[in-house]
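Notes follow once the structure below has been shown.
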Amino acid sequence: MDLNADVGETTVERDRRLLPYLTSCNVSCGAHAGGAELIVATVREAVEWGVPVGAHPSYPDRPGFGRRSVPISDARLEAELLFQIATVKSLVEAFGARLRHVKPHGALYHDVRSPGPRAGVLIAAVKRIAPDAAIVGQAGSPLDELAIRQGLAFRHEAFADRRYAAADALVPRSDPRALIETEDEFRDHLGDLLAGHVRDAAGERHVIPVDTICLHGDSPHAVHFAQIARGMIDGRTNQTADRGGSPS
1 MDLNADVGET TVERDRRLLP YLTSCNVSCG AHAGGAELIV ATVREAVEWG
51 VPVGAHPSYP DRPGFGRRSV PISDARLEAE LLFQIATVKS LVEAFGARLR
101 HVKPHGALYH DVRSPGPRAG VLIAAVKRIA PDAAIVGQAG SPLDELAIRQ
151 GLAFRHEAFA DRRYAAADAL VPRSDPRALI ETEDEFRDHL GDLLAGHVRD
201 AAGERHVIPV DTICLHGDSP HAVHFAQIAR GMIDGRTNQT ADRGGSPS
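Following UniProt numbering, the numbering of the sequence shown begins with 1 at its first residue and continues without gaps.
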């Protein structure tokens with residue numbers, strides 16, 4: 001199971017502590033957080049650690065950390081996505097690696113979950129600038145079919161440190177219950193995800209496809225939770241191998 005985190009948003013020191021536990025990372029493209037020095041340093045660190053890099057584009061919204069739907073035209077959004085993705089892609093290639101995926105950030109991530117102009121703009125931008133990169137999106141999202149129809153790979157993502165309102169929807173960040181804060185709940189929730197299901201706000205269990213699991217790099221618990229997640233994922237992989245099966 002792939003473990004990813006959003007990086008290039010806070011400090012390179014924090015990212016340096018996170019990267020050893022990850023099997024992929026999503027580097028901010030500068031529109032919601034991070035500057036040139038931090039983004040370059042983060043890409044360099046990730047490549048040196050051998051952690052595959054994805055671009056993490058967003059609406060141009062630094063004051064809101066990209067968590068607000070910004071009313072811009074499709075043409076402006078296309079320009080933003082092409083520029084942001086190309087920036088991180090060029091840096092990754094400059095350090096001798098290849099861009100693995102593109103994962104929208106914040107409000108844009110949620111706005112492209114369903115068919116519509118925003119999803120179409122994202123898919124067109126990725127297809128133009130990074131056609132070999134996968135799109136990472138909400139597990140079970142219709143964006144899957146849209147991407148595949150355009151010849152792009154899609155990776156279903158679940159969140160290890162967020163509570164779910166429904167099988168395909170997170171509790172909004174504006175809700176104080178959005179984040180998982182305790183180790184016990186984190187372990188229980190991650191165990192569910194590794195088994196291929198999630199519990200909603202009512203406690204109902206739903207089966208979901210999971211290709212990659214995300215931790216938020218800006219969380220105060222990010223490094224500690226990453227250590228726990230790495231141990232749980234590796235333990236599950238070893239148990240599966242001992243039984244002669246194929247780990248996810």
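C-beta atoms are modelled at their ideal positions from N, C-alpha and C, and glycine is treated no differently. Please read these numbers as outputs of a predicted model, since none were measured by experiment.
For HIS189, the nearest candidate out of VAL40, SER174, PHE159 (CA to CA): As a position in the sequence shown, residue 189 is number 189, starting the count at 1. Checking every option, the nearest Cα to that of HIS189 belongs to PHE159.
Inter-residue Cα distance where the pair is VAL88 and LEU146: Locating residue 88 in the sequence shown gives position 88, where the first residue counts as 1. Locating residue 146 in the sequence shown gives position 146, where the first residue counts as 1. Using only the alpha carbons, I get a separation of about 24 Å.
Residues near ASP242 by beta carbon distance below 7 Å, same chain, minus five either side: The count along the sequence shown starts at 1 and reaches residue 242 at position 242. In this prediction, ASP242 has a pLDDT of 47, which is less than 50 and means its spatial position is unreliable; what the coordinates show is noted afterwards. Closer than 7 Å at Cβ, skipping near neighbours: no residue.
Strand pairing of ASP6, partner residues [DSSP]: For the purposes of this step, residue 6 is identified with residue 6 of the sequence shown, where counting begins at 1. DSSP, once it has assigned bridges, lists ASN26 as partnering ASP6.
Beta strand (DSSP E) segment containing VAL53, residue limits: Indexing the sequence shown from 1 puts residue 53 at position 53. 53-56 is the span of the beta strand (DSSP E), which, as asked, contains VAL53.
Length of the line joining the Cα atoms of ALA222 and VAL112: Within the sequence shown, residue 222 is the residue found at index 222, counting from 1. Within the sequence shown, residue 112 is the residue found at index 112, counting from 1. When only Cα atoms are considered, ALA222 and VAL112 end up about 26 Å apart.
The region 62-80 touching the region 37-53, judged by at least three CB pairs closer than 8 Å: Between the region 62-80 and the region 37-53, the count of Cβ pairs shorter than 8 Å is below three; the stretches do not touch.
Cα-Cα separation, ASP192 to ASP168: The residue you call residue 192 lines up with position 192 of the sequence shown. The residue you call residue 168 lines up with position 168 of the sequence shown. Pairing ASP192 with ASP168, the inter-Cα distance amounts to about 15 Å.
Neighbourhood of ILE148 by C-beta, 7 Å cutoff - its chain only, sequence neighbours within 5 removed: Taking the first residue of the sequence shown as position 1, residue 148 is located at position 148. PHE154, listed in sequence order.
Distance, ASP6 Cα to PHE186 Cα: Here residue 186 corresponds to residue number 186 of the sequence shown, with the count starting at 1. Here residue 6 corresponds to residue number 6 of the sequence shown, with the count starting at 1. Separation of PHE186 and ASP6 (C-alpha to C-alpha, rounded to the nearest whole angstrom) is 18 Å.
ARG162 beta carbon less than 8 Å from that of GLY106: Mapped onto the sequence shown, residue 106 falls at position 106. Mapped onto the sequence shown, residue 162 falls at position 162. With contacts defined as CB atoms closer than 8 Å, GLY106 and ARG162 fail to qualify as a contacting pair.
Buried versus exposed, by CB contacts within 10 Å (16 or more), ILE182: On the sequence shown, residue 182 is found 182 positions in, with the first residue counted as 1. Residue identity differs from the one stated: residue 182 is Thr in this sequence, not Ile. With fewer than 16 other Cβ atoms within 10 Å, it is exposed.
Beta carbon of ALA33 nearer than 8 Å to that of GLU13: As a first step, residue 33 must be located in the sequence shown, where it is residue number 33. As a first step, residue 13 must be located in the sequence shown, where it is residue number 13. Contact annotation: ALA33 and GLU13 have beta-carbon atoms that are not nearer than 8 Å.
Classification of ASP132 by the beta-carbon crowding that lies within 10 angstroms, buried from 16 upward: Position 132 of the sequence shown, counted from the start, is the residue given in the question as residue 132. Under this definition ASP132 is an exposed residue.
Straight-line gap, ILE208 to ALA166 (C-alpha atoms, nearest Å): To locate residue 208, count along the sequence shown from 1; it is residue 208. To locate residue 166, count along the sequence shown from 1; it is residue 166. Roughly 11 Å between the two C-alpha positions.
Residue closest to ARG100, alpha-carbon to alpha-carbon, out of GLU204, ARG62, LEU108, LEU152: Along the sequence shown, one-based indexing puts residue 100 at 100. Among GLU204, ARG62, LEU108, LEU152, the Cα nearest to that of ARG100 belongs to LEU152.
PRO63 vs GLN84 beta-carbon contact at 8 Å: As a first step, residue 63 must be located in the sequence shown, where it is residue number 63. As a first step, residue 84 must be located in the sequence shown, where it is residue number 84. Going by C-beta atoms, PRO63 is not nearer than 8 Å to GLN84.
Length of the line joining the Cα atoms of TYR164 and ASP184: One-based indexing of the sequence shown puts residue 164 at position 164. One-based indexing of the sequence shown puts residue 184 at position 184. Taking the straight line from one Cα to the other gives about 17 Å.
ILE135 and VAL102 closer than 8 Å at C-beta: In the sequence shown, residue 135 corresponds to position 135, counting from 1. In the sequence shown, residue 102 corresponds to position 102, counting from 1. Contact flag set, yes.
Per-residue burial, ARG177 [other beta carbons within 10 Å of its own, 16 or more giving buried]: As a position in the sequence shown, residue 177 is number 177, starting the count at 1. With fewer than 16 Cβ atoms within 10 Å of its Cβ, ARG177 is classed as exposed.
Contacting residues, own chain, Cβ-Cβ under 8 Å from TYR109 (five flanking each side not counted): For the purposes of this step, residue 109 is taken as the residue at position 109 of the sequence shown. Closer than 8 Å at Cβ, skipping near neighbours: LYS103, GLY137, GLN138.
Cβ shell of THR212 (< 6 Å), same chain only, five flanking positions each side left out: In the sequence shown, residue 212 corresponds to position 212, counting from 1. So the qualifying residues of the chain are ASP2, ASN4, ARG155, GLU157.
Span separating the alpha-carbon of ALA36 from that of VAL171: As a working note, residue 36 is residue 36 in the sequence shown. As a working note, residue 171 is residue 171 in the sequence shown. One C-alpha to the other measures close to 32 Å.
Anticipated Cβ contact below 8 Å, CYS25 with ALA55, distance rounded: Here residue 25 corresponds to residue number 25 of the sequence shown, with the count starting at 1. Here residue 55 corresponds to residue number 55 of the sequence shown, with the count starting at 1. Between ALA55 and CYS25 the Cβ distance is about 10 Å, and since that is not below 8 Å, they are no contact.
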